[in-house]
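Asks:
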Amino acid sequence: MIRLIFMAFSIALLGKYPGREVEVEKKELKETNIIDSDLLAIDFCGEAIPLTELRIAERYQNMIRNYDNPTFRKLMTRTEKRMRIIEPILKKYGVPADFKYIPLIESAMSDDVTSRRGAGGYWQLMPSTAKSLGLVVNETRDDRKHLIKSTHAAGKYLSELHRQLGSWTLVAAAYNAGPTHIQNRMDSQNKDDYFKLRLNSETTRYIYKLLAVKEWFSNPERSKEWGSGDVVNRLSEKLVELKKAELQLAKATTDS
3 MIRLIFMAFS IALLGKYPGR EVEVEKKELK ETNIIDSDLL AIDFCGEAIP
53 LTELRIAERY QNMIRNYDNP TFRKLMTRTE KRMRIIEPIL KKYGVPADFK
103 YIPLIESAMS DDVTSRRGAG GYWQLMPSTA KSLGLVVNET RDDRKHLIKS
153 THAAGKYLSE LHRQLGSWTL VAAAYNAGPT HIQNRMDSQN KDDYFKLRLN
203 SETTRYIYKL LAVKEWFSNP ERSKEWGSGD VVNRLSEKLV ELKKAELQLA
253 KATTDS
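So this is what it looks like as structure tokens:
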């Protein structure tokens, strides 16, 4: 988008100024501090993350930094084998591999975690949800603690959520807050974009947790740059430059 606007701006200048001035302007544009496009090429299940919006870039950077610690690095090493079990099961239900990171943020890939509300097991499923998905949950047996059985149930659940909501980012939100809650928010706000919905703080952060965990696993070098560099500052400067270019293009178009 930035490059397209800069290109349009340069073309507009060609019709307004003599060659030498245009060359100077083009040279200045080339010398502007352009962010490596790979830094912004982050997606969740193929859905692009709008990191050119500062509030989203800041939230993402904060979460990347949050997971940059020795405890999480040990967890990554300890859970690699179980991650390889989870992915093909999710694939069977048409669920993208990015959801395999849910057990890391929900239970730290532990079968023996129970929330205050009663969610339990690797995927932190509520008893009623687990039973509706075919798992046994009673005083003597809890299938939520069985990695393979609970992952099959999670795959069914995530697939059903996608049929209801049509977007994987919304599915992630619904996994955290419940599909009824998310659908109500969508209806009341007349929006179907996760990043434009006003949600509670926990659900707002949920996608960033998944993204951060995914990125530390799949692209640690990019994660290090987001965490320790000045990506957000550079992005802020670039957006200021873009705004100036838009104003100059509008003026050039009006004066021509």
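Going by our numbering, the first residue of the sequence shown is number 3, and it counts up by one from there. Glycine residues also receive a C-beta, built at the ideal position from the N, C-alpha and C atoms.
Closest by CA to V173, which one among D70, P98 and G231?
Replies: It is P98.
Asks: Take E141 as the anchor and find which of P129, S152 and S134 has the nearest alpha-carbon.
Replies: It is P129.
Asks: Which of helix, strand or coil does DSSP assign to I4?
Replies: Only weak support exists for where I4 lies, its pLDDT of 43 falling under 50; the value from the coordinates is given anyway. Of the three classes helix, strand and coil, the one that applies to I4 here is helix, per DSSP.
Asks: Is the CB-CB distance between L56 and V234 below 9 Å?
Replies: Yes, the pair counts as a contact, with Cβ atoms nearer than the cut-off.
Asks: Can you find the residues in the same chain that come closer than 6 Å, C-beta to C-beta, to Y103, ignoring five residues on each side of it along the sequence?
Replies: Within the same chain, Y103 has close Cβ partners L212, V215 and K216.
Asks: Going by DSSP in three states, E49 sits in which element: helix, strand or coil?
Replies: Here E49 sits in strand by DSSP.
Asks: Three Cβ pairs or more, each shorter than 8 Å: is that satisfied between the segment 131-147 and the segment 77-85?
Replies: No: fewer than three Cβ pairs fall under 8 Å.
Asks: In chain order, what residues of the same chain have a beta carbon less than 8 Å from the beta carbon of Q63, not counting five sequence neighbours either side?
Replies: Answer for Q63: W228, G229, V233 and V234, listed in chain order.
Asks: Does T153 pass the burial test, meaning 16 or more other C-beta atoms within 10 Å, or should it be called exposed?
Replies: Buried, since its Cβ has 16 or more Cβ neighbours within 10 Å.
Asks: By Cβ distance below 6 Å, which residues in the same chain neighbour S220 in space, the five residues on each side in sequence not counted?
Replies: Hits under 6 Å: none found.
Asks: Would the beta-carbon of L167 fall within 9 Å of that of Q191?
Replies: Not closer than 9 Å, so no.
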